[in-house]
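First comes the structure, then the notes that go with it.
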Amino acid sequence: MSSLVQSVDWLAIAPPTLAAVVGLVVLVADLFVGEARKAVLGWISVAGLAASALLLLPLLDGDRATFCLTGDADACSYVADRFTLVIQLLVLGGALLAALLSVTALKDADKELPEGEYWFLLLSSAAGAALLPASRDLATLIVALEVASLPAFALVGIRRGDRKSSEAALKFFLSSVTATAVSLMGVSFVYATTGTLHLTRIADRIQHVDGQFHTLAQTGVVLTLVGFAFKTAAVPFHFWVPDTYVGAPLPIAAYLSVVGKAVGFSGLILVTVIAFPSYADVWGPALAALAALTMTVGNVGALRQRSTRAYSAVRLLAWSSVGQAGYLLVPIASAAYSKDPEKAIGSTVAYALMYAAVNLGAFAVAALVARTSPLNRISDYRGLYARNPLAALVLGFFLLCLAGLPPGIIGLFAKVTVFSAVVDAGLGWLAVVMAVNVVIALFYYLQWTTLLFRAPEGEPGTHRVPAPITAAIALTAVLGIALSGAPQIVLRFSETGLF
9 MSSLVQSVDW LAIAPPTLAA VVGLVVLVAD LFVGEARKAV LGWISVAGLA
59 ASALLLLPLL DGDRATFCLT GDADACSYVA DRFTLVIQLL VLGGALLAAL
109 LSVTALKDAD KELPEGEYWF LLLSSAAGAA LLPASRDLAT LIVALEVASL
159 PAFALVGIRR GDRKSSEAAL KFFLSSVTAT AVSLMGVSFV YATTGTLHLT
209 RIADRIQHVD GQFHTLAQTG VVLTLVGFAF KTAAVPFHFW VPDTYVGAPL
259 PIAAYLSVVG KAVGFSGLIL VTVIAFPSYA DVWGPALAAL AALTMTVGNV
309 GALRQRSTRA YSAVRLLAWS SVGQAGYLLV PIASAAYSKD PEKAIGSTVA
359 YALMYAAVNL GAFAVAALVA RTSPLNRISD YRGLYARNPL AALVLGFFLL
409 CLAGLPPGII GLFAKVTVFS AVVDAGLGWL AVVMAVNVVI ALFYYLQWTT
459 LLFRAPEGEP GTHRVPAPIT AAIALTAVLG IALSGAPQIV LRFSETGLF
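Heads up: the sequence shown begins at 9 in this note's numbering, then just goes up one per residue.
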């Protein structure tokens with residue numbers, strides 16, 4: 009009788025494992041660290057996330073897999089291939105930058121936020137998010153999705169006695185739980201028709217489902233995709249985004265805008281192109297329609313923001329992130345029609361890397377402005393160049409990257425890559441919708457950019473920039489400028505190796 013004991017490749021699972029272990033260490037250490045020294049917990053968390061990201065380096069020498077079925081070495085639950093490593097870098101890098109912003113946010117909150125719990129929740133969510141792209145069976149995918157999501161609900165509502173924060177967390181929680189329940193039903197349908205949860209086995213068996221179960225299999229495919237569509241903030245699963253971003257602490261809004269999206273998109277890519285390639289005629293048109301709807305609703309929502317409304321800057325970034333989600337969906341939809349689906353998926357990964365760097369940078373500058381203008385209105389950015397020239401220049405650069413205009417070459421390059429994927433797939437109508445939305449987005453990004461350089465109202469004051477926020481802004485700016493100088497690095501780096 010063959011052994012059922014699976015071997016474990018500890019190096020392969022090290023990045024998410026270290027993030028989880030550091031989270032537990034911080035939670036326990038919180039019991040023994042005095043109030044005056046709570047800041048050390050933040051720096052331990054930052055160091056833990058940096059170490060987790062560095063543990064990706066030894067994995068670059070080749071694909072690794074673990075938790076494989078003893079009778080089938082190709083059916084594994086955890087695979088550290090190129091796609092996994094790129095998404096894990098994005099997730100852990102995004103969590104690291106959110107942690108840097110959080111160090112200052114917790115200090116400014118003056119004990120209103122429980123530090124030990126905050127860092128434990130952030131690290132736990134990052135561990136789940138890093139696990140998800142490596143997951144190669146539906147059970148592990150759903151567990152990773154929930155490990156990434158459940159701590160995020162608590163982080164959104166972590167402000168004590170803040171009604172706006174509690175309401176945002178409740179809305180986020182209820183809508184997410186509903187989407188997860190629908191996904192679990194889809195997974196159960198897929199399992200009932202194929203008899204397996206491993207993605208590679210599902211891809212093979214779902215093609216040979218008995219005719220009487222064909223409708224059940226189709227329903228399972230559609231329902232499974234719903235939970236991941238929710239995480240990507242695709243319309244009509246987007247309604248939680250603006251209120252959640254406004255109600256959450258700003259570093260958590262930044263975290264959700266990048267890491268939350270990475271979780272959704274990596275899950276969506278895995279279930280579509282690995283598990284359900286034979287059902288491309290089902291998910292391809294559905295994702296193409298979702299992409300068109302998402303980018304249109306997101307950009308129109310951002311366009312309608314009034315500059316004097318409270319939290320309008322965060323709301324604009326929230327609606328903008330919905331619009332960007334539409335662009336990210338385009339290449340995934342194109343993979344259903346393309347002769348080279350790996351190239352199409354690479355376009356999504358390339359766009360996600362660009363978006364992560366510049367969007368986190370924009371949130372970092374927003375966190376800086378929020379220290380002196382807590383309502384964070386767009387009008388509060390008027391004359392930022394007179395108060396803090398470097399912050400204004402960097403934010404202007406980030407906004408131009410998001411718009412796809414020079415000198416933000418990396419943004420332009422990413423959009424051209426997505427256009428190329430959709431044209432190669434023969435989806436001309438979707439390319440037209442995207443072009444129209446790019447023009448709409450230009451208006452509100454340029455409007456905000458020009459406001460930075462207008463004459464300030466009243467005397468401009470200068471304010472000290474905390475070191476952690478300076479580090480976050482500097483890291484994202486250097487990354488954005490470096491990639492604008494050599495954008496081909498992103499495309500080479502985003503080769504997925506999924507096929």
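Yeah, the Cβ is synthetic: ideal placement off N, Cα and C, and Gly gets one too.
Asked                                                                                                                                                                       : Found
For His246, which residues from the same chain have a beta carbon less than 6 Å from its beta carbon, with the 5 sequence-adjacent residues on both sides left out?         : Val330
With DSSP as the reference, please indicate the residues paired to Arg72 in a beta bridge.                                                                                  : Ala88
Write down every uninterrupted run of the alpha helix (DSSP H) in the region 30-69 whose length is 4 residues or greater and which is fully enclosed by it, in chain order. : 47-62
Can you tell me which of Leu368, Val266, Gly434, Leu410 puts its alpha carbon nearest to the alpha carbon of Asp348?                                                        : Gly434
Return the bridge partner residues of Phe251 from the DSSP annotation.                                                                                                      : Note on identity: in this sequence residue 251 is Asp, with Phe being the wrong assignment. DSSP lists no partner for Asp251.
Would you tell me roughly how many angstroms separate the C-alpha atoms of Lys423 and Arg45, rounded to the nearest one?                                                    : 46 Å
Under the rule that 16 or more other beta-carbon atoms within 10 Å means buried, what is Ser110, buried or exposed?                                                         : buried
In chain order, what residues of the same chain lie with their CB nearer than 7 Å to the CB of Ile95, ignoring the 5 residues before and after it?                          : Pro141, Ala270, Ser274
Can you check DSSP and say which residues form a bridge with Asp183?                                                                                                        : For the record, residue 183 in the displayed sequence is Ser; it is not Asp. According to DSSP, Ser183 bridges with nothing at all.
Closer than 7 Å by C-beta to Cys84: which residues in its own chain qualify, once you throw out the five before and the five after it? Chain order, please.                 : Ala73, Thr74, Phe75, Cys76, Arg144
Classify His246 as helix, strand or coil using the three-state DSSP reduction.                                                                                              : coil
Have a look at Arg314 and Ile448 and give me their C-alpha separation to the nearest angstrom.                                                                              : 16 Å
On the DSSP bridge list, what partners appear for Ser143?                                                                                                                   : Tyr86
Are there three or more Cβ pairs, one per stretch, closer than 8 Å when the region 224-242 is compared with the region 116-123?                                             : no
For Asp289, is the classification buried or exposed, using 16 other Cβ atoms within 10 angstroms of its Cβ as the cut-off for buried?                                       : exposed
Rounded to whole angstroms, what's the CA-CA distance from Phe427 to Leu420? Just pull it up for me.                                                                        : 10 Å
Are three or more beta carbon pairs between the region 322-329 and the region 251-262 nearer than 8 Å?                                                                      : yes
Exposed or buried, what is Ala494 when buried is set at 16 or more other beta-carbons lying within 10 Å of its beta-carbon?                                                 : exposed
Since Asn307 is in the alpha helix (DSSP H), which residue starts that stretch and which ends it?                                                                           : 288-311
With the cut-off set at 9 Å, would you say Ile4 and Ser355 are in Cβ contact?                                                                                               : The structure shown does not extend to residue 4, since the chain is modelled only from 9 to 507, so the question has no answer here.
Closer than 6 Å by C-beta to Val99: which residues in its own chain qualify, once you throw out the five before and the five after it? Chain order, please.                 : Ala137, Ala138, Val267, Ala270
Thinking C-beta only, is Tyr199 closer than 9 Å to Leu207?                                                                                                                  : no
Which residue comes first and which comes last in the alpha helix (DSSP H) that contains Gly235?                                                                            : 222-239
Nearest to Leu35 by CA position, among Leu130, Pro23, Ala88, Ala20, is which residue?                                                                                       : Leu130
Along the alpha helix (DSSP H) that carries Ser328, what are the first and last residues, could you check?                                                                  : 320-343
Return the Cβ separation of Ala326 and Leu438 in integer angstroms, given the expectation that the two are a contact with Cβ distance under 8 Å.                            : So it is not a contact: roughly 24 Å between Cβ atoms.
How is the alpha helix (DSSP H) around Thr508 delimited, first residue to last?                                                                                             : Any property of residue 508 remains undetermined from this structure, which presents the chain solely from 9 to 507.
Could you tell me whether the Cβ atoms of Leu368 and Thr484 are closer together than 9 Å?                                                                                   : yes
Please list the terminal residues of the continuous alpha helix (DSSP H) segment that includes Trp18.                                                                       : Counting along the chain, Trp18 falls outside any alpha helix (DSSP H), and DSSP gives it neither H nor E.
Return the CA-CA distance between Pro23 and Ala375, expressed in angstroms with no decimal places.                                                                          : 28 Å
Suppose the cutoff is 8 Å on Cβ atoms and the five residues either side in sequence are ignored; what does the same chain contact list for Pro285 look like?                : Ala211, Pro349
Verify the contact flag: Val16, CB atom, against every heavy atom of the ligand ZN, threshold strictly below 8 Å.                                                           : The ligand content of the structure shown is nil, which means the ligand ZN is not present either.
Start and end of the alpha helix (DSSP H) containing Ser428?                                                                                                                : 417-432
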